[in-house]
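Notes for the one structure printed next.
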Amino acid sequence: MTSTLARPDAKTPRRAWAGLAVLLLPVLLVSMDMSVLYLAMPTLTQSLDPSATQQLWILDIYGFMIAGLLITMGNVGDRIGRRNILLAGATVFGIASVLAAFAPSAGVLIAARALMGVGGATLLPSSLALISTLFPDTRARATAIGVWTAFFAGGSAVGPIIGGVLLHHFWWGSVFLINTPVLLVLLVFGPLLLPEHREAGRGPLDWASVLLSIGGILPIVYAIKHCAAEGIDLPSIGIGILGVLLLTAFIRRQRHLAEPLLDLSLFRRGLFSVAIGSSTVGMLSLAGMSYLTSMYLQSVTGRDALQSALLGIPGAVVVFVFSMSGARIGRALGTKTTFVLALSTAALGNLMLLGVGVDGGIGWYIAGSVVAGAGFGIAFTLVSEVAVSSVPPERAGSAVGISETSFELGNGLGLALLGSLAALVFRSGGDFGPTLGETLAEAGGNTAQIDSARESFVTGMHVATTTGAVLLATMAAIAFFSGRKPASTPQRPETATA
1021 MTSTLARPDA KTPRRAWAGL AVLLLPVLLV SMDMSVLYLA MPTLTQSLDP
1071 SATQQLWILD IYGFMIAGLL ITMGNVGDRI GRRNILLAGA TVFGIASVLA
1121 AFAPSAGVLI AARALMGVGG ATLLPSSLAL ISTLFPDTRA RATAIGVWTA
1171 FFAGGSAVGP IIGGVLLHHF WWGSVFLINT PVLLVLLVFG PLLLPEHREA
1221 GRGPLDWASV LLSIGGILPI VYAIKHCAAE GIDLPSIGIG ILGVLLLTAF
1271 IRRQRHLAEP LLDLSLFRRG LFSVAIGSST VGMLSLAGMS YLTSMYLQSV
1321 TGRDALQSAL LGIPGAVVVF VFSMSGARIG RALGTKTTFV LALSTAALGN
1371 LMLLGVGVDG GIGWYIAGSV VAGAGFGIAF TLVSEVAVSS VPPERAGSAV
1421 GISETSFELG NGLGLALLGS LAALVFRSGG DFGPTLGETL AEAGGNTAQI
1471 DSARESFVTG MHVATTTGAV LLATMAAIAF FSGRKPASTP QRPETATA
């Protein structure tokens, strides 16, 4: 298979595919760490006793640090070398993983997760951008992107499964410690198999844009989370307005820079805007669904982490399989049509979760996760392919940074928005604690209180997943009515050094 796909690169076809195998390691880890804590949260809560707000930050800070830094790191990689920044980021990610595994308090764990986000922000754009260097042939590159996306989407889906297995045998810190040996393999074989690539002649990085992008994203997210968890108040409104103003200043600055951190002209290129919207909404829905169903399986149905993980295997397998075939489906049906089909399928899967109840409906959960997984897998592959093909190879890191930012931002917003919406509905159902776990712990033997709390949680989950379905359907309609894709941008030869 590799000789056929990589024939134009006949000099080192096997090395290219071996290099891809190395690139898949950080992708798998970063995507797994988005979701691996879903099943670990109940155990972690018992050990570290975090507050409700700290629980959300433990889950969210990783994704939001990545989202705030991806565009920056993509640009840095284009300048100093994608392999250089990949290996540096892997080192930071590994050190932070060890710190997280042995964190003595919730505050230390939040700090470690933030540092993991800094390292993770270097891994995704550099790994995907290096594919354009390894695979100059269009068809081989499309196949490689499909494999890359399959591991990215599959890693997010398989994270809770691996987490469940580890938690069944070890303590909660094992879900972080597993990263270390995998990253050591990357650090050993990366310099041997991966080519270096940098773009000559680029100007210095605009650090004002870096600060404005991060300073805009985090306050907005904090304001949304605070309002959902604690109610609307003047401080949170002020922080949210500050974030909006900083993001507005960031966008205005990009329009006047000769070398912007965020190339806004990309959003005028055919389906690029549709792709970015699809990845944001898709990850928002997937993250919210994965988190809430993981909590449902453990806290409502009473299953342990391993049993809950096993029930997630069918959905994870489907995400992986359809990620591999997404590019082929896109070529057969057309990119726009495939986006519409994928988003609509994911929306249907979310709606099927309405069949899940307190006393039954596991079959509906499995069926819904399988149907949604097929849609997510196809859509995410197309997003990655559109991002890489939208720009010349030497700017691939920057474009990939935009697409991966949308993935990470969607992941964080899914937990912040859909998770907070579910919590709001849950708390409105009775005199409950901030979370279902705390409510069940405080209820003691009060059967009526326990049943009422579980029923309220399921209602909140239904409202949140239905909201995710509505957002997916809306994005499918936008894709359907979007304009035709213009001719692809001619690609200039890249400058790569082994």
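In terms of this note's numbering, the numbers along the sequence shown are unbroken and rise by one, the last being 1518.
Ideal placement from N, C-alpha and C gives every residue a C-beta, glycine not left out.
Beta bridge counterpart(s) of residue i as assigned by DSSP
{"i": "Glu1279", "result": "Glu1279 is not bridged to any residue."}
Residue i versus residue j - alpha carbon distance
{"i": "Leu1197", "j": "Asp1253", "result": "39 Å"}
{"i": "Val970", "j": "His1276", "result": "Residue 970 cannot be examined here, being either before or after the span of the chain that is shown, 1021 to 1518."}
{"i": "Asp1226", "j": "Pro1280", "result": "8 Å"}
{"i": "Leu1106", "j": "Ser1146", "result": "6 Å"}
{"i": "Leu1429", "j": "Leu1437", "result": "11 Å"}
{"i": "His1188", "j": "Glu1458", "result": "22 Å"}
{"i": "Ala1038", "j": "Leu1057", "result": "30 Å"}
{"i": "Ala1367", "j": "Val1490", "result": "7 Å"}
{"i": "Leu1306", "j": "Gly1488", "result": "8 Å"}
{"i": "Ala1060", "j": "Trp1077", "result": "14 Å"}
{"i": "Val1138", "j": "Ser1117", "result": "12 Å"}
{"i": "Ala1036", "j": "Phe1155", "result": "7 Å"}
{"i": "Leu1025", "j": "Asp1069", "result": "For Leu1025, the pLDDT reaches just 36, beneath the cut-off of 50, and the residue's location in the model is therefore unreliable, although a value from the coordinates is still provided. Going by the C-alpha atoms only, they are around 52 Å apart."}
{"i": "Gly1383", "j": "Phe1427", "result": "29 Å"}
{"i": "Gly1175", "j": "Ser1472", "result": "35 Å"}
{"i": "Leu1402", "j": "Phe1359", "result": "8 Å"}
{"i": "Leu1231", "j": "Ser1067", "result": "35 Å"}
{"i": "Met1309", "j": "Asn1370", "result": "8 Å"}
{"i": "Ser1194", "j": "Ala1352", "result": "43 Å"}
{"i": "Gly1449", "j": "Ser1476", "result": "5 Å"}
{"i": "Ala1126", "j": "Leu1441", "result": "23 Å"}
{"i": "Ala1072", "j": "Thr1455", "result": "7 Å"}
{"i": "Val1185", "j": "Ala1329", "result": "7 Å"}
{"i": "Leu1433", "j": "Leu1304", "result": "6 Å"}
{"i": "Ala1008", "j": "Gly1335", "result": "No answer is possible for residue 1008: the residues shown for the chain start at 1021 and end at 1518."}
{"i": "Gly1088", "j": "Ala1399", "result": "23 Å"}
{"i": "Leu1040", "j": "Ala1463", "result": "51 Å"}
{"i": "Ile1240", "j": "Gly1097", "result": "27 Å"}
{"i": "Tyr1316", "j": "Gly1322", "result": "8 Å"}
{"i": "His1246", "j": "Ser1256", "result": "7 Å"}
{"i": "Val1050", "j": "Pro1062", "result": "22 Å"}
{"i": "Ser1423", "j": "Arg1099", "result": "19 Å"}
{"i": "Gln1318", "j": "Asp1324", "result": "6 Å"}
{"i": "Arg1034", "j": "Phe1501", "result": "42 Å"}
{"i": "Arg1474", "j": "Arg1447", "result": "11 Å"}
{"i": "Arg1272", "j": "Gly1094", "result": "20 Å"}
{"i": "Gly1380", "j": "Ala1387", "result": "14 Å"}
{"i": "Ile1086", "j": "Ala1121", "result": "19 Å"}
For residue i, the first and last residue of its enclosing alpha helix (DSSP H)
{"i": "Ala1468", "result": "Thr1467 to Phe1501"}
{"i": "Val1118", "result": "Arg1102 to Ala1121"}
{"i": "Ala1366", "result": "Thr1355 to Met1372"}
{"i": "Gly1297", "result": "Phe1292 to Met1315"}
{"i": "Ala1442", "result": "Gly1439 to Ser1448"}
{"i": "Ile1520", "result": "The question about residue 1520 has no answer here: the residues shown for the chain are numbered 1021 through 1518."}
{"i": "Thr1531", "result": "Because the chain spans 1021 through 1518 in this model, residue 1531 falls outside it and cannot be assessed."}
{"i": "Phe1196", "result": "Ser1194 to Leu1197"}
{"i": "Thr1463", "result": "Rather than Thr, the amino acid found at residue 1463 in this sequence is Ala. That run of the alpha helix (DSSP H) goes Leu1456 to Ala1463."}
Distance cut-off 6 Å: residue i Cβ against heavy atoms of the ligand ZN
{"i": "Trp1192", "result": "For the structure depicted, the ligand ZN is absent and the ligand set is empty, with no information on it obtainable."}
Test: residue i CB closer than 7 Å to a CB of chain D
{"i": "Gly1450", "result": "In the structure shown, chain D cannot be found, because there is only a single protein chain."}
Checklist line | Three CB pairs or more closer than 8 Å across the segment 1079 to 1093 and the segment 1131 to 1138 | finding: yes
Margin query: Would the segment 1387 to 1404 count as touching the segment 1340 to 1358 if we require 3 or more Cβ pairs under 8 Å?
Written below: yes
Checklist line | Cβ contact check for the segment 1152 to 1172 and the segment 1034 to 1047: 3 or more pairs under 8 Å | finding: yes
Checklist line | Sufficient close CB pairs (3 or more, under 8 Å) joining the segment 1229 to 1239 to the segment 1262 to 1271 | finding: yes
Check: Touch check for the segment 1342 to 1353 and the segment 1478 to 1487: three-plus C-beta pairs under 8 Å?
Finding: no
Notebook entry, point to check: For the segment 1203 to 1210 against the segment 1110 to 1130, are there 3 or more C-beta pairs whose distance is under 8 Å?
Noted result: yes
Next item on the list: Could I get the ranges of all uninterrupted alpha helix (DSSP H) runs contained in the segment 1044 to 1091, with 4 residues as the minimum, in chain order?
Entry: 1057 to 1068
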